[in-house]
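Asker: Just so you know, the sequences run in chain order A and B.
Following this note's numbering, the numbering of the first sequence begins with 79 at its first residue and continues without gaps.
Following this note's numbering, the numbering of the second sequence begins with 355 at its first residue and continues without gaps.
Glycine is no exception: its CB is placed at the ideal position from the N, C-alpha and C atoms.
It should be emphasised that the depicted structure is a prediction, and the values quoted were computed from it without experimental measurement.
Quick one: this structure, given as structure tokens, is what I'll be asking you about.
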Amino acid sequence: MKNLIRCGVLALAATAAFQVGLEAQSGATTAKSAAVPDLSGYWNIKGGAPSWDPADLAGKSPKNAPMTPWSRQKFEAARPPFGANATFESVNDPVQKYCDPPGVTRLYQYPYEFLFVQTPDTVYILYEFSRVWRLIPLNKEHPKDPDSTWMGDSVGRYEDGALVIDTIGFNDKTWLDQVGHPHSDALHLVERLRRVDKDTLELELTIDDPKAYTKPLTAKRTFTRSASPPTEALCSASEMQAFQNQVMTPTVKAPKK
Amino acid sequence: MKKLAITWACVLLAALAAIPAFAHHGTAGYDLEKVVTVKGTVEDFEWTNPHAVVRILAKNEKGENEEWTIELGAPGIMARSGWSKNSMKQGDEVIAETHPAKNGVPSGLSATSTILLKFIVNGQALPSAH
Numbered sequence: 079m080k081n082l083i084r085c086g087v088l089a090l091a092a093t094a095a096f097q098v099g100l101e102a103q104s105g106a107t108t109a110k111s112a113a114v115p116d117l118s119g120y121w122n123i124k125g126g127a128p129s130w131d132p133a134d135l136a137g138k139s140p141k142n143a144p145m146t147p148w149s150r151q152k153f154e155a156a157r158p159p160f161g162a163n164a165t166f167e168s169v170n171d172p173v174q175k176y177c178d179p180p181g182v183t184r185l186y187q188y189p190y191e192f193l194f195v196q197t198p199d200t201v202y203i204l205y206e207f208s209r210v211w212r213l214i215p216l217n218k219e220h221p222k223d224p225d226s227t228w229m230g231d232s233v234g235r236y237e238d239g240a241l242v243i244d245t246i247g248f249n250d251k252t253w254l255d256q257v258g259h260p261h262s263d264a265l266h267l268v269e270r271l272r273r274v275d276k277d278t279l280e281l282e283l284t285i286d287d288p289k290a291y292t293k294p295l296t297a298k299r300t301f302t303r304s305a306s307p308p309t310e311a312l313c314s315a316s317e318m319q320a321f322q323n324q325v326m327t328p329t330v331k332a333p334k335k
Numbered sequence: 355m356k357k358l359a360i361t362w363a364c365v366l367l368a369a370l371a372a373i374p375a376f377a378h379h380g381t382a383g384y385d386l387e388k389v390v391t392v393k394g395t396v397e398d399f400e401w402t403n404p405h406a407v408v409r410i411l412a413k414n415e416k417g418e419n420e421e422w423t424i425e426l427g428a429p430g431i432m433a434r435s436g437w438s439k440n441s442m443k444q445g446d447e448v449i450a451e452t453h454p455a456k457n458g459v460p461s462g463l464s465a466t467s468t469i470l471l472k473f474i475v476n477g478q479a480l481p482s483a484h
């Protein structure tokens, strides 16, 4: 009986010590867990929703997104590859036309892979498509007046089993998604990435861009673990141009009589 | 010389058409509700980004030579399904299913990240599922 009591006391003490440790990691002002989730693996972005409008992820009615007049004007000029306005003619998608960097939100819509490199003070994300990468310092603040860049200025933290990435400082040269929704340089992006199970990673994305949208857009996507490593999916402007001329353009010439 | 022929087999694939087919440029130029079977010889097989492409010399309904340009998926994505740069070569006999161009030119789409139609090369079927 004495042994049983001793054992119970030890268990309680261990539990309390573990809790203190967790709270110390997460800082004095929050009780949220800062435990580090294991995000290792190759995460495959399967084909799927081309739009980030949560009311129309399939992009069947992209004009119904809650756009401001500023962004609606840009949207109406877009010649996108997917969704209701998909076209092969007069393409002005900056990725297709110039091999511009796709931007953070669109990177999660190309059917390729990405992976994390987690270090104690920084997380790196390597994306297969275009071979772009991001550097995400942990538990840091954004600079007061960041430059406007393709991939923005990101800072991260661990919170309740998720990697939370906060990004600002974007330029407005990329599209938000594959259906031609624009974004502005006021875009504020929050990504919450967490493992749902061994083979599934979930992204919850919050897009707050008051210059372009009348309300924040929040949507989720899941990615599956892949056994094969990323390949060389570089965007080469010369290859892209040759493909456009030799394969795509003939399909939009006048129909055969 | 073996007889080359194009067999037109229009098949309604409403289910496939409903699946967003992702690559870098969409499928707007192709009719995803139709599948055409092209039978001929490989003239050229390019295993490059942004998409692999095969050109097939076949005969049309009038018995005339016709060069088909068939678009496939990106090499990295095709490789995950078991294709490689050696999947076919010039001179191989091929029977290929493809979604034809809407405007009637001899072009088609046979693979994206979600679609992979049937390809038979020298009597051997290539992997046809992602």
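For a contact defined as C-beta to C-beta under 9 Å, what are the partners of Thr452 of chain B on chain A?
Answerer: Those do not exist, as Thr452 of chain B stays about 12 Å from chain A at its closest Cβ, beyond 9 Å.
Asker: Considering only C-alpha positions, which residue in the set A:Asp131, A:Thr197, A:Lys331 is nearest to Ala290 of chain A?
Answerer: It is A:Asp131 whose Cα lies nearest to the Cα of Ala290 of chain A.
Asker: Closer than 8 Å by beta-carbon distance: list the chain A residues that pair up with Ser461 of chain B, in chain order.
Answerer: Within 8 Å Cβ-Cβ: Val325, Pro328, Thr329.
Asker: Any contact of the stretch 214-225 of chain A with the stretch 242-259 of chain A, i.e. 3+ C-beta pairs under 8 Å?
Answerer: Cβ pair count under 8 Å is three or more, so yes.
Asker: What do you get for Asn122 of chain A, buried or exposed, if any count of 16 or more other CB atoms within 10 angstroms of its CB means buried?
Answerer: With 16 or more Cβ atoms within 10 Å of its Cβ, Asn122 of chain A is classed as buried.
Asker: Looking at chain B, is there any beta carbon in it that lies within less than 8 Å of the beta carbon of Phe301 of chain A?
Answerer: Chain B, which has no Cβ nearer than 8 Å to the Cβ of Phe301 of chain A, makes this no.
Asker: Any C-beta of chain B sitting closer than 8 Å to the C-beta of Ser104 of chain A?
Answerer: No answer about Ser104 of chain A holds up, because its pLDDT of 39 lies below 50 and its placement is not dependable.
Asker: Name the chain B residues that come within less than 8 Å of Gln174 of chain A, Cβ to Cβ?
Answerer: Under the 8 Å cutoff, chain B gives His378, His379.
Asker: State the beta-bridge partners of Asn476 of chain B as determined by DSSP.
Answerer: Paired residue(s): none; Asn476 of chain B is not in a bridge.
Asker: Could you pull the DSSP bridge partners for Gly394 of chain B from this structure?
Answerer: Note: Gly394 of chain B sits in a beta bridge opposite B:Ala412, B:Val448.
Asker: Beta carbon of Gly380 of chain B, beta carbon of His405 of chain B: below 8 Å?
Answerer: Their beta carbons are not under 8 Å apart, which means Gly380 of chain B does not touch His405 of chain B by this criterion.
Asker: Quick check: what's the CA-CA separation for Thr329 of chain A versus Pro159 of chain A?
Answerer: Roughly 14 Å between the two C-alpha positions.
Asker: On the DSSP letters alone, give me the boundaries of the beta strand (DSSP E) that Pro215 of chain A sits inside.
Answerer: 211-215 is the span of the beta strand (DSSP E), which, as asked, contains Pro215 of chain A.
Asker: Let me see if you follow: with CB-CB separation under 8 Å, is Leu283 of chain A close to chain B or not?
Answerer: No, Leu283 of chain A does not count as interfacial toward chain B.
Asker: May I have the straight-line CA-CA distance separating Ala112 of chain A from Leu265 of chain A, to the nearest angstrom?
Answerer: If you take the alpha carbons of Ala112 of chain A and Leu265 of chain A, they lie about 26 Å apart.
Asker: At which residues does the beta strand (DSSP E) containing Ser232 of chain A begin and terminate?
Answerer: It spans 231-237 - the beta strand (DSSP E) in which Ser232 of chain A sits, taken as one unbroken run.
Asker: Can you find the residues in the same chain that come closer than 6 Å, C-beta to C-beta, to Glu282 of chain A, ignoring five residues on each side of it along the sequence?
Answerer: Within the same chain, Glu282 of chain A has close Cβ partners Arg270, Lys298.
Asker: Are there 16 or more other CB atoms within 10 angstroms of the CB of Leu463 of chain B, so buried, or fewer, so exposed?
Answerer: When all chains shown are included, Leu463 of chain B counts as buried.
Asker: Output yes if chain A places a C-beta closer than 8 Å to the C-beta of Gly430 of chain B; else output no.
Answerer: Yes, because at least one Cβ of chain A sits closer than 8 Å to the Cβ of Gly430 of chain B.
Asker: Does the structure place the stretch 444-454 of chain B close enough to the stretch 169-179 of chain A that three or more beta carbon pairs sit under 8 Å?
Answerer: With a cut-off of 8 Å, the stretch 444-454 of chain B and the stretch 169-179 of chain A do not count as touching, because too few Cβ pairs lie within range.
Asker: Is there a Cβ of chain B sitting closer than 8 Å to that of Thr309 of chain A, yes or no?
Answerer: Thr309 of chain A counts as touching chain B.
Asker: Could you tell me which uninterrupted alpha helix (DSSP H) segments, each at least 4 residues in length, are contained entirely in the stretch 156-209 of chain A, listed from first to last along the chain?
Answerer: Complete alpha helix (DSSP H) runs here, min 4: 172-176, 182-185.
Asker: Counting C-beta neighbours from all protein chains within 10 Å, is the total for Asp275 of chain A 16 or more, i.e. buried, or is it exposed?
Answerer: Per the 10 Å Cβ criterion, exposed.
Asker: Taking the beta carbon of Pro154 of chain A as the centre, do at least 16 other beta carbons fall within 10 Å, making it buried, or is it exposed?
Answerer: A small fix is needed here, since residue 154 of chain A is Glu in this sequence, not Pro. Glu154 of chain A is exposed by the Cβ-count criterion.
Asker: Starting from Ser316 of chain A and walking both ways along the alpha helix (DSSP H), at which residues does that stretch end?
Answerer: Start and end: 315-321.
Asker: With DSSP collapsed to three states, give me the class of Trp148 of chain A.
Answerer: The answer is helix: DSSP assigns Trp148 of chain A an H, G or I state.
Asker: Span of the alpha helix (DSSP H) holding Ala433 of chain B?
Answerer: That run of the alpha helix (DSSP H) goes 429-434.
Asker: Can you tell me which of B:Leu386, B:Gly383, B:Gly430, B:Thr423 puts its alpha carbon nearest to the alpha carbon of Thr395 of chain B?
Answerer: Cα-wise, what sits closest to Thr395 of chain B is B:Thr423.
Asker: Whose Cβ in chain A lies nearer than 8 Å to the Cβ of Thr423 of chain B?
Answerer: Result: Gln324, Val325, Pro328.
Asker: Would Tyr190 of chain A pass as a contact of Pro307 of chain A if the rule is Cβ separation under 8 Å?
Answerer: The answer is no: Cβ separation not under 8 Å.
Asker: Which runs of the beta strand (DSSP E) at least 3 residues long sit entirely within the stretch 278-319 of chain A? Give them in chain order.
Answerer: Complete beta strand (DSSP E) runs here, min 3: 278-286, 295-304.
Asker: Which word fits Tyr188 of chain A, buried or exposed, when buried means at least 16 other C-beta atoms lie within 10 angstroms of its C-beta?
Answerer: Result: buried.
Asker: Answer with buried or exposed for Thr183 of chain A, where buried requires no fewer than 16 other C-beta atoms within 10 angstroms of its C-beta.
Answerer: The residue is buried, with at least 16 neighbouring Cβ atoms inside 10 Å.
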